[in-house]
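For reference, the structure discussed in these notes is given below.
Residue numbers (this note's numbering): 3 to 426.
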C-alpha cells in the first residue's frame with residue numbers, strides 16, 4: 003500500500019500546495035497573535051484579572067453556539083468563497099486590535115475572529131478530499147498536524163523576540179507588528195485559497211438556487227441525523243467528544259503541576275510543551291509512513307491509551323526529566339489518534355454532509371473544552387488532591403481507548419467502512 007512523502011504530496015498535487023501553504027502561513031500568524039494578544043491585555047488592562055479568560059471565551063464561544071449552522075452553510079455555499087471571505091474578515095479584525103483602548107473592543111475583535119473561524123474550518127476541512135486523492139488523506143492530515151506542531155515550537159519564540167524588539171521602538175504599539183503579521187498571514191491564505199483549483203460540484207454541496215435559506219434548519223437536523231445513520235462517523239464523534247471533555251481540564255491541571263508537583267518555575271511549562279511538540283512531529287511522521295499498514299482502530303486506540311498513561315505518570319512523578327520524556331510520549335500519542343481520526347471521518351462521510359459533520363465535531367470539541375476546566379477544578383476540590391484530579395480526569399482518555407478497540411463500527415477496515423457509508 004503506497005505511502006506519500008511530504009514533498010511528494012506537494013509536488014504531485016498543485017491544489018495541495020496552495021492548501022497546505024494557506025494553512026501553514028495562517029497558523030504561524032495565529033501563534034504570533036496569541037502571544038501578542040496576551041501581552042496587550044496584560045499590559046493595557048492589568049486591573050482586569052478575568053480579561054484573558056474572557057478573550058479566549060469570546061474566541062471559542064462561536065464554535066460552540068454557531069458551529070452547526072456554519073456547517074450547514076458550508077455544505078450550501080461554495081467552500082472556496084466561504085474560506086476566502088472568512089480570511090478577509092479575520093485579517094481586518096486582527097489589523098485593528100493594536101489600536102484598542104477599551105477592553106470591550108478587544109472582546110469584539112476576538113468574537114469577530116472566532117465567528118469567522120467558525121465558518122472557515124468546516125469549509126476548509128471538508129475541502130481536503132477534493133484537494134488530494136483519497137489514498138493520500140491520512141498522510142495529508144498527518145503532515146498538517148506535524149506542520150502545526152513545528153510552528154507551535156518556533157512561533158511563540160519568534161513572537162516574544164518581535165515584541166521585545168518592538169518595545170524599544172514604540173511604548174504603546176510595540177506588539178502591533180505581531181498583529182500585522184497575523185493579518186498579512188490571513189491575506190496570504192485568502193490569496194492561495196482564492197486560486198485553489200477546486201471542483202465545487204465534486205464536493206457534493208447544496209446550492210442556494212435549489213434550496214432556500216428557510217431550509218437551513220432542516221439541513222442542520224439532517225446533519226445530526228446523518229451521524230446516527232453513519233455508524234463509523236458516530237463512533238468517531240464519541241471518541242473525540244470524550245477526549246475533549248478531558249483535554250482542556252487536563253491542561254489546566256498540568257500547568258499547576260509544574261510548580262506544585264515538579265517543584266520548578268512555572269515558565270518551565272513552555273519547555274514541556276516544546277517536548278510535546280517534538281513528540282507530535284515524530285508521531286505524525288510515523289503515522290504518515292506506517293498508518294496504512296496497521297489497523298486504523300488499533301493506531302487510534304493505542305494513541306488514546308498512551309495519552310491516558312502519560313497523564314497517570316505525570317500525576318505520580320516529581321522528577322522534571324521524567325516529565326519531559328512523558329510529554330514526548332503524550333505528543334506521540336496525540337499524533338496517533340488525531341490525524342487518523344480526521345482522515346477516517348473524511349473517508350467515511352458523504353461529501354454532501356462533510357461540512358456539517360466537521361462542524362458538529364468542532365461544536366462538540368469546543369463545548370467539551372469549555373466545560374473541561376470547570377470539571378477539573380471540581381475534581382481537584384472534591385478529591386482535595388491535584389494528583390488525584392489528574393488521575394480522575396485521565397479516565398476520559400481511557401474511555402475512547404476502550405471504544406476504539408471494541409466498537410463494532412471501528413473494527414472494520416477504514417476503507418470498508420467508507421464504502422459502506424458513502425451516500426448514507
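Note that beta-carbon positions come from the ideal geometry of N, C-alpha and C, so glycine has one too.
Its chain contains 125, 129 as the residues whose beta carbon lies nearer than 6 Å to that of residue 81, once the 5 sequence neighbours on both sides are disregarded; these appear in chain order. If you check the CB distance, residue 282 and residue 334 come in under 9 Å. With respect to the 9 Å criterion, residue 121 and residue 84 are classified as neighbours on the basis of their beta carbons.
Counting only runs of 4 or more residues that sit fully inside the stretch 94 to 166, the alpha helix (DSSP H) segments are 105 to 129, in chain order. At the C-beta level, residue 338 and residue 314 stay beyond 9 Å of one another. Judged by their CB atoms, residue 97 and residue 185 are nearer to each other than the 9 Å cut-off. Sorting 250, 146, 200, 324 by C-alpha distance to the C-alpha of residue 396 places 250 at the top. Nearest in C-alpha terms to residue 145, of all of 284, 46, 261, is 284.
Distance from the CA atom of residue 14 to the CA atom of residue 252, rounded to whole angstroms, is 40 Å.
Nearest neighbour of residue 263 by Cα position, chosen from 392, 179, 225, 52, turns out to be 392. When DSSP states are grouped into helix, strand and coil, residue 293 belongs to the coil group. Take the alpha-carbon of residue 89 and the one of residue 99: they are about 16 Å apart. By the criterion of at least three beta-carbon pairs nearer than 8 Å, the stretch 105 to 122 is not in contact with the stretch 264 to 275.
By the beta-carbon neighbour count (other beta carbons within 10 angstroms, threshold 16), residue 65 is buried.
DSSP places residue 197 in the coil class of the three-state scheme, outside both helix and strand.
Collapsing the DSSP output to three states places residue 6 in coil. Taking C-beta separations shorter than 7 Å and ignoring five residues to either side along the sequence, the partners of residue 60 in its chain run 109, 112, 113, 116, following chain order. In this structure, residue 73 lies near residue 358, with their beta-carbon atoms less than 9 Å apart. Contact between the stretch 148 to 167 and the stretch 398 to 405 is absent, with fewer than three C-beta pairs closer than 8 Å.
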